[in-house]
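*Asks:*
In this note's numbering, the protein residues as written are 2 to 305.
1) Roughly how many angstroms separate the alpha carbons of residue 100 and residue 13, rounded to a whole number?
2) Which residues mark the beginning and the end of the alpha helix (DSSP H) in which residue 111 is found?
3) Here's the rule I'm using: 16 or more other beta-carbon atoms within 10 Å means buried, otherwise exposed. How should residue 178 be labelled?
4) Below 8 angstroms between beta carbons: does that hold for residue 180 and residue 25?
5) Going by DSSP, what residue range makes up the alpha helix (DSSP H) through residue 98?
6) Relative to the C-alpha of residue 114, which residue among 170, 96 and 66 is closest?
7) Is there contact here, the segment 227-239 with the segment 48-61, by at least three beta-carbon pairs under 8 angstroms?
8) Is residue 40 helix, strand or coil when you go by DSSP?
9) Have a look at 150, 37, 283 and 134 and flag the residue whose alpha-carbon is nearest the alpha-carbon of residue 275.
10) Using only the heavy atoms of the ligand ZN, determine whether one of them is closer than 7 angstroms to the beta carbon of residue 151.
11) Thinking C-alpha only, which one of 122, 270 and 88 is nearest residue 291?
12) The alpha helix (DSSP H) with residue 267 in it runs from where to where?
13) For the alpha helix (DSSP H) that contains residue 140, what are its first and last residues?
14) What does a CB cutoff of less than 6 angstroms around residue 102 pick up in its chain, not counting 5 residues either side in sequence?
15) Residue 278: which of 138, 157 and 38 sits nearest, CA to CA?
16) Do residue 239 and residue 64 have their CB atoms nearer than 8 angstroms?
17) Identify, in the order they occur along the chain, each residue of the same chain with its Cβ nearer than 8 angstroms to the Cβ of residue 71, setting aside the five sequence neighbours on each side.
18) Would you kindly work out how many angstroms separate the C-alpha atoms of residue 48 and residue 264, rounded to a whole number?
19) Taking Cβ to Cβ, would you say residue 203 is nearer than 8 angstroms to residue 82?
20) Can you tell me where the alpha helix (DSSP H) holding residue 231 begins and where it ends?
21) Taking just the CA atoms, how far does residue 207 sit from residue 269?
Structural data, given as structure tokens:
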């Protein structure tokens with residue numbers, strides 16, 4: 002009960018400050034010092050909170066803008082995901098971090114961070130420890146992205162639209178993409194959300210490929226219905242033109258996202274940190290270091 006009370010106080014601080022990186026940091030601090038387990042409410046509802054925030058963002062995005070971004074970036078994303086996945090496997094071999102860990106990091110970097118890793122883990126039969134370490138590595142890189150990407154975007158002279166596209170390509174998790182974009186501007190959030198949702202769709206063909214490659218007999222492929230809900234929210238928001246309601250939805254979405262960032266932070270565990278080896282962190286960071294300039298090139302290719 003004490004930990005729940007502390008978490009609620011921290012959540013109030015997070016919403017008041019409005020900072021994604023503070024939300025992430027306070028969540029991680031609570032998880033490590035409070036030694037919370039997987040049944041704690043923030044761990045159970047972390048993904049749902051972020052999804053509600055993203056759906057609310059969709060209500061304020063114009064469907065025509067989504068169509069234009071999709072037309073430009075879908076083929077770019079197909080190539081980008083393939084290149085990133087192959088680079089991840091090559092670096093994994095160079096650093097000798099293990100084939101299954103390489104597959105986890107390559108998938109997470111190419112598509113959607115922890116979500117992708119959790120989806121492919123049973124397909125490649127990875128150890129739970131490998132998945133926990135992979136999620137921890139991605140958490141560290143996400144925190145760096147939220148803190149420094151907005152500053153880097155300013156140095157590169159990105160418009161809000163360009164920054165959102167760059168963040169959606171270069172940053173692992175949806176939570177971190179939105180965290181960095183919130184610090185850059187509302188147009189950055191719109192483009193980042195749209196392109197990141199498109200990127201998430203590539204999880205399905207990746208899983209099919211891995212099932213075929215591994216020779217496993219898994220009958221059910223989870224379709225990312227959340228992306229469908231986001232698309233519906235964009236359509237509804239475009240049909241109902243209510244400026245005041247749109248502003249309210251944006252404010253509400255920011256609250257849900259901030260609470261979601263805090264909840265994501267609580268998913269970090271002390272055990273996973275202790276298991277983390279420097280070689281795995283370096284190989285994952287090296288892949289990300291390659292992806293950042295590649296993403297910049299693809300944004301320029303998109304002509305935004």
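Where is the CB? At the ideal position from N, CA and C, for every residue including glycine. As the structure is a prediction and not an experimental result, all values here were calculated from the model.
*Replies:* Short version:
1) 42 angstroms
2) Segment: none, residue 111 is in no alpha helix (DSSP H) and carries neither H nor E.
3) buried
4) yes
5) Careful: residue 98 lies outside any alpha helix (DSSP H) and carries neither H nor E.
6) 170
7) yes
8) coil
9) 134
10) Inclusion of the ligand ZN in the displayed structure is not the case, the ligand content being empty and no account of it being possible.
11) 88
12) From DSSP, residue 267 is part of no alpha helix (DSSP H); its letter is neither H nor E.
13) 129-157
14) 131
15) 138
16) yes
17) 195 and 199
18) 8 angstroms
19) yes
20) 226-240
21) 26 angstroms
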